[in-house]
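The block underneath contains the structure these notes are about, expressed in structure tokens.
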Amino acid sequence: MNFLYAAYTATWLIHITYAVTLVRRYQRLRKEIDELKDRQP
Amino acid sequence: MKRAFPILAALTGILLSYALYEALVAAPTEQTMGNVQRIFYYHVPSAWTAFLLFFINFIASVFYLIRRSPTADAIAVVTAEVGVVFCTVVLVTGPLWARPVWGIWWTWDIRLTSTLVLWLIYVAYLMLRRFSTSGQTPVLAAALAVFGALDVPLVYFSIWIFRTQHPQPVIGGGGSIDPRMLHVLLINWAAFLCLAALLCWSRFRLERLQRQVEDAQALESMLAPERSR
Amino acid sequence: MNSLAGITRATLAKDLRLEWRSKDAINSMLFFALLVVVVFSFSFDPNAEESRQIAGGLIWVAFLFAAVVALNQTWARELRNQVLDAYRVSPAPANSLFLAKALGNFIFVTVLEALMTPLFIIFYKLRALGPAWQLIPVALLGTWALVVNGTFFAAISLRTRSREIMLPLLLFPISLPAILGLVNATTFILTGEYSARFWIVLLATYDVIFTIACLLLFETVLHAE
Amino acid sequence: MNQSPSAAAVPPIIEIANLVKQFGRFAALRGVTAEFAPARLYVILGDNGAGKTTLLRSLAGLSRPTRGSISIAGKTDLREVCRQIGYMAHPTLLYDELSAMENLGYFARLYEINDSSRCANVITTVKLDPSLERPVAQYSQGMRQRLSLARALLHEPQILLLDEPFSNVDVRSAHDMVALLASMRSAGKTIFVVTHQATLLAETADEFIWMEAGQIVDRTAHLKTAEAP
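Protein chains in written order, with my numbering: chain A, 2 to 42; chain B, 11 to 239; chain C, 64 to 288; chain D, 21 to 249.
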């Protein structure tokens, strides 16, 4: 039974980790876009 | 198009919760394996989704090699990356299922091993994209994807021979499956497909944005020295 | 077609001459494979029966790593002074370069195998119980399998950072069926338990499929800059 | 774009339209548009990183444009005209372990030149000795540069692309090379020279192309002495 929960938790952990990396990459891009806009009015 | 995104997100959320309820509560308990068998509802749909994504990657890569369409290349990156995520899920849940049922974490079973090789190939694919210094990374990556796709049947076939010569624990895939279980399996698959679509969509938008930023920065990197002078 | 064969021959002759003068690839390969043999035989000292079971794996892992050394060397030669560009601006067909490189590597690795196999036999007290002559087609087909894809992926990793590490990363997963075929065929011939015919057919299929794929895609990869 | 001073009458042999070459976040060429008339000697000038070498490599067909197009003698697929192009890069493009004749013999095979005296002739053209058996590794820098030029001339191309041909060459050899280039231009060849030593060509060149930040900023008939390096 513990293995069942472990497997379900692991699955969600992997997906959430990926989603978080996506969000962080997006935020970094946003920052770069803002910097670009600052330099090129 | 943009309004469709939150709708898909909401749909995915609902489907996933419903699928979780079905998998944990509604589905009948398997007789020999007990509750552990419920890993099946996450393991198998993830595998199918990963294979589907890798297949799309292959088609997009071939299309890119013929037409050199940047969109095809973006689709290839996206499906490879999300595919690796789902493939990781398969490789993690596999041993967690195998351990209580067979008493071992890993066996050189045909499906486990081919999945592992597939995972390795696509991790190599992503690393190639990351480390390439060429201005034509997509071409190199697409060539690798074609090789990977050619390799998969050979891997499958070779492990199949390998297995028939070495006794292996039998995996419970012997055809018959309870219709109630099949129903739950399909619901879970639908839910994970939605999740995959959602992830791919977000990643695709990210990729497109990233390319625009790269173009802008490329222009700027040439302007900068002129300005400072 | 005529020019394809002619330029392939000229390029191969040039590579062999370069190798003969510098002996870069063959020396580093030989030394590397020798190290692997010695380290393995230190690590475990098997009796005759055990060594039959494991030798197939050991031999081919040693040769696989040695082949990677050779593959990196042959392209490194083209990168010095960027001579590869001289080939790329010429009208010579890309596949000539590919075939010459693949054949050159095939020769290097085969020579290495011929030199190292007696050492393995001595260190591991090997004697085949199955039909030993089958080891020759297995070795030839298997070497081509490793070298044809190796040459292709080495050309891809030319355009990456840290290319010497990139090559095994790309090559090993794709080569898995070939390695499995090689190791099992060798083990079966040594132990004489099963027929190795399945694996020989698999190796031949692998060779045909990937040789065609390499020839179709090499031009694209060579000019991807 | 800037009109070339006297090119209007003759149809151009090379046409470049909005050429962009981008390596990830860095653009080496940023929208180059130009036309070049045949049988002239062009000198390309500019700071390091201005895109001179990339422009030359694009013309040689080595570097594929990210956007835009190049047409040489009416062909946009540069593989079709590669026999008409001679390319000399900053590195020598020679095998250090081979002698001069062995090097050129191999490259002659690539161009399927069967005339066996051609290699010796071209070596004498650049004032080297064909009977020299030392490997190129033991040559002086100036001798290597000259042999490198011989390699580019081997197949008697109509268009010559030379990247820094005078670097590390002694003054007398440099003047020999300039005289050779002048005679080839008179024989109807189109020649592009990227160099930092523009004064060497101040009398000989027909036109000076000024590059800055990945673009052609000016084309002049005479060397602007104030800015000459």
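C-beta: ideal position from N, C-alpha, C; glycine also.
Whole-angstrom C-beta distance between residue j and residue i, which should lie under 8 Å
| i | j | result |
| --- | --- | --- |
| R166/D | V198/D | The Cβ separation is near 13 Å, so there is no contact. |
| L181/D | L79/D | 6 Å |
| V3/B | C210/B | There is simply no residue 3/B to check, as chain B begins at 11 and stops at 239 in what is shown. |
| L154/B | S142/B | Not a contact, Cβ separation roughly 10 Å. |
| E132/D | S66/C | 6 Å |
| L130/D | A155/C | 4 Å |
| R151/C | L82/D | 6 Å |
Residue i to residue j span [Cα, whole Å]
| i | j | result |
| --- | --- | --- |
| P155/D | L114/D | 10 Å |
| P179/B | K32/A | Since pLDDT at P179/B reaches only 49, below the 50 mark, its modelled position is unreliable, and the value read off the structure follows with that caveat. Those two C-alpha atoms are separated by around 53 Å. |
| P111/D | L142/C | 10 Å |
| R224/C | Q227/B | 21 Å |
| N144/C | R171/D | 13 Å |
| E35/D | G51/D | 13 Å |
| P110/B | V46/B | 8 Å |
| L209/C | A206/B | 36 Å |
| R121/B | V214/D | 58 Å |
| V131/C | L200/D | 46 Å |
| E223/D | A157/C | 41 Å |
| D97/D | A70/D | 25 Å |
| L219/B | I219/C | 27 Å |
| T74/C | R222/C | 22 Å |
| S91/C | P177/D | 40 Å |
| L26/B | R215/B | 23 Å |
| Y126/D | C139/D | 10 Å |
| P16/B | V72/B | 32 Å |
| L265/C | T39/B | 42 Å |
| E14/C | A109/D | In the structure displayed, chain C extends from 64 to 288; residue 14/C sits before or after that span and is not available. |
| V40/D | A47/D | 7 Å |
| G184/B | F50/B | Legend: pLDDT at G184/B = 48, less than 50; position of this residue unreliable, no value from coordinates given. |
| S160/D | N188/D | 9 Å |
Delimiting residues of the alpha helix (DSSP H) encompassing residue i
| i | result |
| --- | --- |
| M231/D | From DSSP, M231/D is part of no alpha helix (DSSP H) but of the beta strand (DSSP E) over 227–232. |
| R28/A | According to the sequence provided, residue 28/A is Gln. The question's Arg does not apply to it. Counting along the chain, the alpha helix (DSSP H) containing Q28/A begins and ends at 3–40. |
| T53/D | Premise fails: T53/D lies in the beta strand (DSSP E), 46–56, not in any alpha helix (DSSP H). |
| I184/C | 157–186 |
| M229/C | 226–254 |
| I122/C | 111–142 |
| V63/D | Run containing V63/D: none in the alpha helix (DSSP H); it sits in the beta strand (DSSP E), 61–65. |
| L266/C | 260–285 |
| L202/C | What sits at residue 202/C in the sequence shown is Ala, not Leu. Counting along the chain, the alpha helix (DSSP H) containing A202/C begins and ends at 198–220. |
| I120/B | 120–141 |
| K72/D | 72–79 |
| Y150/C | 146–152 |
| A195/C | Taken as a continuous stretch (DSSP letters only), A195/C belongs to no alpha helix (DSSP H), as it is neither H nor E. |
| H175/D | No alpha helix (DSSP H) holds H175/D; DSSP gives it neither H nor E. |
Chain B contact residues for residue i, given Cβ-Cβ distances below 9 Å
| i | result |
| --- | --- |
| E288/C | S144, G145, Q146 |
| T96/D | Ordered by position in chain B, no residue passes the 9 Å Cβ test against T96/D, which lies about 14 Å from the chain. |
| M179/C | Neighbours of M179/C on chain B: none; closest Cβ ~25 Å, over 9 Å. |
N-terminal and C-terminal residue of the beta strand (DSSP E) that residue i is part of
| i | result |
| --- | --- |
| G88/D | 87–92 |
| D238/D | 235–240 |
| K41/D | 34–43 |
| I211/D | 210–214 |
| I179/D | 179–183 |
Cross-chain neighbours of residue i in chain B, by beta carbon under 8 Å
| i | result |
| --- | --- |
| A276/C | V156, F157, L160 |
| I17/A | The contacting residues do not exist; I17/A stays about 11 Å from chain B at best. |
| T254/C | Near T254/C there are no residues of chain B at all, since even the closest Cβ is about 12 Å away, more than 8 Å. |
| R25/A | Simply none; closest approach about 11 Å. |
Where residue i meets chain C, residues with beta-carbon distance less than 9 Å
| i | result |
| --- | --- |
| A167/B | The sequence shown places Phe at residue 167/B, not Ala. P240, L265, T268, listed in chain order. |
Interface partners of residue i on chain D, CB under 9 Å
| i | result |
| --- | --- |
| Q145/C | A109, H110, P111, T112, L113 |
| R84/C | E117, L118, P155 |
Beta-carbon neighbours of residue i, restricted to chain B and to distances below 7 Å
| i | result |
| --- | --- |
| I122/C | Correct list: empty, because the minimum Cβ distance to chain B is about 18 Å. |
| T86/D | G145 |
| G44/D | E224 |
Closer than 7 Å: residue i CB and nearest the ligand GTP heavy atom
| i | result |
| --- | --- |
| V214/D | Among the components of this structure there are no ligands whatsoever, and the ligand GTP is therefore not found. |
Residues that residue i contacts on chain D, provided the C-beta gap is smaller than 7 Å
| i | result |
| --- | --- |
| V152/C | A80, G81, L82, C102, I105, Y107 |
Under 8 Å from the C-beta of residue i: neighbouring residues of chain C
| i | result |
| --- | --- |
| R154/D | Ordered by position in chain C, no residue passes the 8 Å Cβ test against R154/D, which lies about 12 Å from the chain. |
Within chain C, partners of residue i - CB distance below 7 Å
| i | result |
| --- | --- |
| Y131/D | S153, P154 |
| Y126/D | A73, K77 |
What runs of the beta strand (DSSP E), each 3 residues or longer, lie entirely inside the stretch 83–149 of chain D?
-> 87–92, 105–108
Completely contained beta strand (DSSP E) runs for the stretch 66–104 of chain B, where each covers 3 or more residues = none
Please list the segments of the beta strand (DSSP E) lying wholly inside the stretch 184–213 of chain B, counting only runs of 3 or more residues, in order along the chain.
-> none
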